[in-house]
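Notes follow the structure.
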């Protein structure tokens with residue numbers, strides 16, 4: 001059996017990759033994808049430790065998360081769509097009419 | 001039986017009622033309320049005489065003290081009682097007569113000076129006179145120091161109102177302000193003194209077994225339990241300080257050096273007001289106050305010596321300034337300062353009677369001189385410059401005769417009233433001064449002032465009445481009626497005869513009892529008598545009469561010296577000014593002339609102080625606006641600056657937000673992880 | 001006890017247990033009903049109908065909640081908390097208290113939106129989104145497991161993103177929505193990762209089991225994982241409550257969103273973040289304060305509280321735009337409410353007081369802040385402008401509303417005249433009794449500063465002369481007016497009525513620590 | 001119940017006046033404001049003094065209703081009066097009525113709001129002086145600021161916005177400091193309610209424990225300082241006075257009257273109630289610094305008044321000066337000192353009210369307040385000027401007027417104080433204020449009222465209307481009445497002050 005630390009390291013790595021994407025990508029779609037990565041990093045934990053602890057809670061929750069991630073992307077895409085209509089771009093750094 | 005003393009409050013209230021009548025109903029009344037004022041003051045005069053005579057009564061009280069109204073009462077075991085009451089003894093009875101008499105005459109004279117000259121604002125004028133009289137009478141009958149202070153201040157208010165009567169001109173309001181302010185400066189010390197008396201003795205009564213002079217005597221005699229002195233001072237030292245503090249008020253109101261500067265300026269007021277101020281009310285108040293609480297001063301000889309020295313110095317100092325003045329009222333003003341200096345000298349020298357005596361005679365002859373000057377001013381169409389007058393004696397004989405009587409009294413020429421009182425002062429100062437250098441200094445200065453007084457007085461008389469008329473108005477003077485001549489005549493008689501009530505030198509020489517005033521003043525209640533004060537002075541002040549040879553020779557030396565000097569001064573004036581075309585001789589004085597014209601630059605000095613104060617105020621204002629308020633505004637600016645910095649965190653770039661968010665979380669994780677020891 | 005209370009209590013106790021979720025169900029069904037009506041009768045101008053239906057739903061839910069609160073459902077007096085669905089849901093005093101806040105705010109916002117949405121397309125969507133978001137919040141209040149917490153949180157968030165971007169032709173609204181969404185997505189990822197770490201450590205997602213696990217075994221050997229997990233969860237809540245440094249979305253979202261939505265988000269959504277944070281930390285993570293090595297999340301919240309109070313209030317001080325100023329002020333208020341978490345101590349006798357005070361503050365804040373944003377909504381409705389200068393002299397056109405606005409501002413500033421003072425005071429005082437005088441001190445200083453910027457609004461509307469831009473004001477929108485006045489009356493009445501709010505809140509909070 | 005009726009009626013009157021048309025608002029407000037006047041006089045007629053409300057004496061018209069318990073301490077509706085508060089209650093009702101009349105001329109727009117706010121402020125002021133629960137008191141205390149903020153901000157002069165905000169924020173920050181200080185004390189005390197009597201007596205019984213490791217004495221000192229700073233701003237004393245001239249200059253006449261007449265007294269009233277009644281030992285410890293502050297306020301305030309060219313600023317700064325006397329009287333801690341300070345609160349309320357009204361009447365006629373812009377006004381408005389002169393002399397402490405009584409009691413009380421080291425020196429220094437006050441008032445009067453008439457206007461300046469002069473005359477009569485018969489208030493004040501002095505450890 002793979003020691004649980006390995007899963008933790010894997011999920012942490014995936015989380016960090018996602019976070020890196022969030023911080024560096026200007027394109028809203030990349031941003032969304034990076035967030036998906038971060039959510040899935042959590043999923044790795046949930047499923048791995050579901051096995052570790054021998055209960056189904058984690059796995060069930062992971063399913064919930066996948067559904068919610070889909071809903072989030074749906075609304076995200078909608079917002080990116082109106083962003084494009086109003087600002088003519090999908091770059092997250094162009095919409096800066098409000099600041100300070 | 002109806003006792004005279006029951007009417008003492010009425011003496012004060014009658015003029016007060018006339019004040020109210022004149023103020024609220026004056027414009028509906030004939031003569032603008034003058035008649036009510038005359039009636040009230042005359043009524044007060046009659047009551048005062050009745051009261052004074054009652055004191056002489058064989059079986060009657062010699063002293064009458066009564067608490068009329070409790071103003072405020074403290075709590076606790078020995079509460080302070082702040083009360084209003086009347087204290088009638090020979091001193092106050094005498095003063096009541098003087099004040100009411102002069103006030104009545106001034107009211108009558110005002111009919112001629114104000115009404116007949118068509119002045120406006122007469123109700124205000126008569127209201128002021130009424131209140132002035134009432135305040136002074138209240139002050140005179142006061143049975144405690146606090147009440148005295150309160151009426152003392154009201155007197156100051158009235159002087160402000162009356163000096164500034166012609167408020168539409170520039171001069172009178174300024175003079176009124178100065179009068180109030182300078183006397184206020186003195187009253188500042190007086191108020192400290194009042195407060196100190198309360199704090200020390202727990203009472204401010206003038207008379208009675210629990211009065212503060214009595215307690216002071218007990219303390220000086222060794223029973224210190226009755227007083228609370230401050231700073232661990234000995235009773236005598238502390239009483240000297242308190243006495244000097246009260247003296248501040250006296251110096252202010254009685255126009256003694258260095259607070260005399262307001263008085264000449266106060267000539268801006270109507271002349272009858274000047275007469276009232278100088279003879280009977282405001283200026284007299286200071287001297288009267290010292291006499292009133294003489295028992296207290298008697299136990300602090302240092303204070304007395306200072307009083308004497310100030311008095312002697314003022315007498316001389318003011319007299320020198322009177323020499324060069326051009327306006328008739330200015331001369332009189334400086335003579336007033338000088339004469340009150342004599343009274344102070346007398347008080348300081350322990351001769352309470354002499355001071356009171358001179359206060360009385362001076363009241364008569366100075367009122368006379370002012371009213372006479374007023375008559376001259378009416379005649380001269382309100383031109384006061386003596387160099388424009390001359391030769392008036394033929395045109396206005398009554399005025400001349402009475403004015404001359406007053407002048408002789410002022411100059412101290414035998415046998416006019418001023419001679420008797422002034423001579424007594426100088427004699428007393430001399431005999432006690434033989435044992436006290438400070439007192440002797442006062443005497444010397446007082447003596448030196450005698451010829452100067454005679455000189456300027458007769459310079460004034462000669463310039464005004466003698467010689468040839470020097471202007472058109474002097475040739476055709478304005479006429480006036482009985483209401484001017486009447487008061488002049490009454491006062492003229494008094495100026496001549498008033499001295500006879502206390503001919504102490506004659507008594508000493510002949511042995512006939514002629515010291516009526518001394519006896520009268522010695523007839524008061526316990527602790528308030530002349531002999532009582534003398535005993536105190538001898539016991540605690542070390543006042544001991546010295547003699548040159550025998551008592552009679554001493555007397556003759558003193559009297560002869562002063563009379564001789566007075567006559568000398570008179571003769572010099574006669575020589576210089578009793579000529580058809582007198583000229584100014586001031587050039588002979590050289591540099592001194594300028595100094596005298598400018599009153600020793602005392603006014604400049606006080607103006608300088610006032611301006612410096614204003615400069616300091618301006619600096620304080622700058623400081624307040626700049627520094628103190630600047631700090632307040634600075635705090636808000638700094639906060640807002642912080643706010644503007646804080647805003648900049650929000651750059652508007654969502655990636656920055658993500659980065660800052662991550663950074664914040666990481667920082668939090670690291671800090672807590674490392675400090676909490678999670679990774680060990 | 002009052003006889004009517006006895007009868008209603010008796011009536012309630014005869015109902016089946018699931019009815020404890022009544023408010024949530026009513027809210028959810030109302031949302032669905034709106035969609036159904038829209039689907040069956042797709043009329044363009046049915047704004048009024050939708051408003052009435054949704055307002056009715058919110059008010060019914062509020063009524064039920066208040067009834068339960070009075071009757072004692074799920075509270076100490078009546079057998080304690082009611083748990084449902086294998087303890088994933090719990091109905092207790094705190095849940096009901098917060099549901100009352102959400103539904104009141106929702107009702108006010110709905111009434112106000114009726115005027116605001118006049119002439120807008122798709123008003124049905126607006127109301128249903130609002131109802132769904134409220135449902136999500138009500139669910140957050142009853143969540144007793146990290147699963148329900150996460151799901152309900154997302155359920156409240158997703159409609160909110162759409163609501164913020166509801167004016168889809170308005171660049172501000174869209175930008176606000178984008179920023180809100182992006183930060184929200186990031187935060188929910190962080191939050192979820194934190195949950196997964198807690199699951200990794202404890203093997204459970206039920207709050208009570210997590211608590212038991214920590215209390216039994218401590219965190220020895222895996223403190224790092226547990227600590228990171230706890231702080232990440234805290235971060236998720238910090239996002240929802242707009243606390244520094246997770247607040248960056250808030251100024252833009254509140255400024256850009258339609259004002260009624262701003263009102264809703266800054267009052268209800270913030271309160272929702274707090275209720276779930278209160279429950280999670282008080283129920284699940286209390287033992288962590290005592291274990292070694294300590295995972296002192298209370299200190300972390302204290303740091304956040306101080307940062308939030310300072311940044312929120314200072315940044316608000318210099319704003320030109322009134323709505324943005326209010327946005328920052330609402331961040332500042334999050335800082336005050338965070339004291340309710342920061343001043344908790346393990347087994348501390350004042351925990352109930354502290355948290356109760358924070359709850360009472362959130363209740364009063366719900367009214368005064370909603371009212372303030374609705375006033376902004378009215379100004380937007382008139383089209384007067386957004387800056388302080390534009391607001392000059394408004395009182396001459398709308399005195400009554402301006403009186404209400406002055407009440408809101410002074411109450412937000414914590415002037416003793418209105419309810420806001422009592423709740424702030426209760427918060428600071430209980431923090432002091434719990435030993436956290438320095439938190440109270442920072443709170444007091446920043447609230448002194450806040451007076452400055454709140455009074456700027458009052459100054460603008462009451463003291464400044466109008467500068468000619470007020471001619472556009474033609475009508476007085478009844479719904480907006482009514483909502484504003486109602487909020488103002490509630491703010492004023494919560495001064496004398498504060499004991500009721502505080503006692504209820506303290507009882508509810510104390511039950512968590514029992 | 002009479003207190004509740006009084007406060008409730010005044011609130012209701014305020015609401016009613018808000019609804020009255022502008023045209024009638026002034027008259028209606030005046031009519032309504034007479035009811036509190038009568039009510040307070042009725043209270044006075046029923047009042048029997050019996051000690052100090054805080055130290056266990058009788059509390060007249062007492063009501064206690066529990067309100068809410070916060071952090072273990074009960075907040076109550078607790079009101080009542082004693083010999084210290086009753087004079088101030090009478091002052092408040094009396095001055096409000098007169099201030100309302102004096103507003104008839106200058107207030108030309110939004111009248112109903114103006115008069116409504118005046119009455120609203122009156123209600124809260126009554127609350128301040130009658131509340132005996134700290135919390136309740138604090139609510140009223142702060143609630144006074146709100147109407148004041150509007151009254152200055154809406155109806156004020158050119159810089160009204162700056163002045164209003166400055167007043168509002170400054171005094172609020174001060175209140176906060178004070179509040180924190182007092183709370184520290186209350187939390188350390190373990191009392192059950194915020195009732196001021198309970199707190200006072202607990203402090204007197206040394207119930208204060210260690211709190212957050214702060215020893216009781218240190219805690220008391222901190223609390224004393226915080227309270228003092230908080231109240232000092234309100235009084236105000238140097239150096240926290242700078243809001244006052246700005247507020248006064250910008251405020252319309254009736255508002256200045258209320259500000260100087262009543263609002264400043266809140267500060268001194270609170271100093272007496274809190275600092276000096278509850279913490280006499282700390283007062284003793286800090287006696288010298290406080291006396292220095294008092295003396296500096298008197299002299300520095302008077303010097304600033306001397307430097308001003310605006311009549312209203314002169315009067316405003318002179319308030320700073322006069323309030324310095326009150327502080328001196330309080331710190332003297334003698335019967336006449338503290339009692340005189342309380343009396344001076346009333347006296348100064350009336351006199352400064354009169355002065356501001358007079359300046360207002362002049363301004364109504366001339367539309368300027370700058371000294372150098374005018375001269376000889378006595379010629380055109382004799383009655384108003386006459387009353388102004390009388391008021392100025394009252395301000396200078398002319399005997400038989402209220403100001404002298406207050407000042408004399410203070411001086412007499414402080415000179416012999418054993419509580420304050422070097423008391424005679426401090427008293428003598430402070431007394432110099434009576435010279436400077438005469439200086440600047442006489443100077444200003446001479447320049448504006450006397451001399452040849454000169455004022456550049458395009459209209460004829462005429463005598464002031466009756467309804468402007470009438471309140472001034474009434475005030476003047478009241479000032480004289482109090483000066484002649486100070487005992488009407490002084491006896492009850494002394495009665496309430498004596499227990500405080502006894503509380504000071506027999507000092």
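Protein chains in written order, with the working numbering: chain A, 1 to 100; chain B, 1 to 680; chain C, 1 to 514; chain D, 1 to 507.
C-beta atoms are modelled at their ideal positions from N, C-alpha and C, and glycine is treated no differently.
- Cα atoms of residue 397 (chain B) and residue 470 (chain D): separation of roughly 53 Å, rounded to the nearest angstrom.
- Residue 368 (chain B) is not a Cβ neighbour of residue 336 (chain B), given a cutoff of 8 Å.
- With a cutoff of 8 Å on beta-carbon distance, residue 405 (chain D) and residue 414 (chain D) are scored as not near each other.
- In the three-state reduction of the DSSP assignment, residue 204 (chain D) falls in the helix class.
- Taking the CA atoms as reference points, residue 25 (chain A) sits about 33 Å from residue 675 (chain B).
- Under a 10 Å Cβ-count criterion, residue 205 (chain D) is classified as exposed, with fewer than 16 other Cβ atoms of the shown protein chains found around its own Cβ.
- Under the 8 Å criterion on CB atoms, residue 127 (chain D) is classed as non-interfacial with respect to chain C.
- With respect to chain D, the C-beta atom of residue 353 (chain C) has a partner C-beta closer than 8 Å.
- An exposed status is given to residue 224 (chain B), since fewer than 16 other beta-carbon atoms sit within 10 Å of its beta-carbon.
- Taking each of C:262, C:235, C:287 in turn and checking the Cα distance to residue 276 (chain C), the smallest one comes out for C:235.
- Beta-bridge pairing by DSSP links residue 64 (chain B) to B:88.
- Annotated as distal: residue 166 (chain C) and residue 134 (chain C), with beta-carbon spacing of 8 Å or more.
- Every beta strand (DSSP E) of 3 residues or more that sits fully in the stretch 35 to 90 of chain C is shown, in chain order, as 82 to 84.
- The C-alpha of residue 22 (chain A) lies about 56 Å from the C-alpha of residue 624 (chain B).
- For residue 60 (chain D), the enclosing beta strand (DSSP E) begins and ends at 60 to 70.
- In this structure, residue 179 (chain B) sits near residue 159 (chain B), with a CB-CB distance shorter than 8 Å.
- With respect to residue 480 (chain B), residue 375 (chain B) sits close: the two C-beta atoms are nearer than 8 Å.
- With a cutoff of 8 Å on beta-carbon distance, residue 300 (chain C) and residue 679 (chain B) are scored as not near each other.
- Looking at B:112, B:75, B:4, the one whose alpha-carbon comes closest to that of residue 35 (chain B) is B:112.
- When the beta-carbon positions are compared, residue 247 (chain B) and residue 371 (chain B) stay at least 8 Å from each other.
- Taking 9 Å as the cut-off between beta carbons, the residues of the stretch 639 to 655 of chain B near chain A are 644, 647, 648, 649, 650, 651, 652, 653, 654, 655, in sequence order.
- Taking a Cβ-Cβ cut-off of 7 Å, residue 267 (chain D) has no neighbours in chain C, whose nearest Cβ is about 17 Å from it.
- Of D:127, D:242, D:407, D:232, the smallest CA-CA separation from residue 293 (chain D) is found for D:232.
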